[in-house]
Amino acid sequence: MRKPLNIILFAALAAILSLAGCDESLPPRDEPLAILRGSFAMTDTFIVVTNGAIGSTAGGFVSRVTNLYNDVLEDTGLVKVDYTVVMEDQPEHVATFTATQNNVLSTEVLNGRLVTLKPNQDIVVRYRWNNHTSADLPIWSLVTLHPGSDPGGRAYLQSDPVSFQVTCSIRTYKRVPAIVIGPKRIIVIYRIM
């Protein structure tokens with residue numbers, strides 16, 4: 000007959016403990032002010048144009064998003080980087096273009112539809128701009144060019160520095176708003192061979 004007594008005592012003890020509960024609450028969650036930081040740069044600002052085409056790396060933009068949070072961020076990805084490039088001296092000439100998940104250099108952060116960023120890890124997106132306006136005008140056709148020659152005697156035409164105001168909107172996750180950077184001043188020199 001001890002078994003029923005043990006069960007009754009255990010049930011009574013469990014009831015007392017559940018009624019007493021715990022008066023301590025969890026500390027307040029320390030939400031970060033910003034969990035992602037974005038940046039961008041133009042990779043080569045001295046652009047050589049040969050037979051109407053620019054070099055393979057010239058005019059490229061690299062954008063980067065860094066996880067500032069102290070934990071892994073993983074969610075459905077929506078990698079999209081929108082650029083707007085405006086000529087300072089001729090603001091009617093604008094170029095807009097978009098980089099997508101196909102332009103991601105740091106592919107280790109991609110897993111199917113998911114984007115996974117460890118703390119302080121970057122997702123890096125590179126896009127090569129053709130240095131044409133949205134109306135398909137080559138930028139070097141819109142600026143004054145001066146004749147010159149290289150040390151080997153080859154003739155070229157070269158622009159004065161051309162200033163642009165560039166705005167970049169970077170989005171990495173479907174449920175997280177884009178990070179907007181800029182406008183940022185970028186200066187380019189064109190040399191036509």
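In numbering that gives the first Met the number 0, the protein residues as written are 0 to 192. Cβ coordinates follow ideal geometry from the N, Cα and C atoms, glycine included. Since the model is a prediction, treat every value here as computed from it, not as a measurement.
Enumerate in chain order the residues of its own chain whose CB-to-CB distance from I53 is below 8 Å, with the five nearest sequence positions on each side excluded.
I46, V47, N129 and N130
DSSP puts E73 in a beta bridge; with which residues?
T115
Look at the Cβ atom of V64, then the Cβ atom of L104, and state whether they are nearer than 7 Å.
no
Does the stretch 178-186 touch the stretch 156-167, meaning 3 or more C-beta pairs lie closer than 8 Å?
yes
Are Y172 and D74 touching if we call contact CB-CB under 7 Å?
yes
Distance, Cα to Cα, S158 vs L116?
41 Å
Pop quiz: P160 and I191 are said to be a contact at Cβ under 8 Å. What is the actual Cβ separation, rounded to whole angstroms?
No, P160 and I191 are not in contact; Cβ-Cβ is about 15 Å, not under 8 Å.
Using alpha carbons as the reference points, say which of R112, A57 and G51 lies closest to L77.
R112
Buried or exposed: which applies to I122, given that a residue is buried once 16 or more other Cβ atoms fall within 10 Å of its Cβ?
buried
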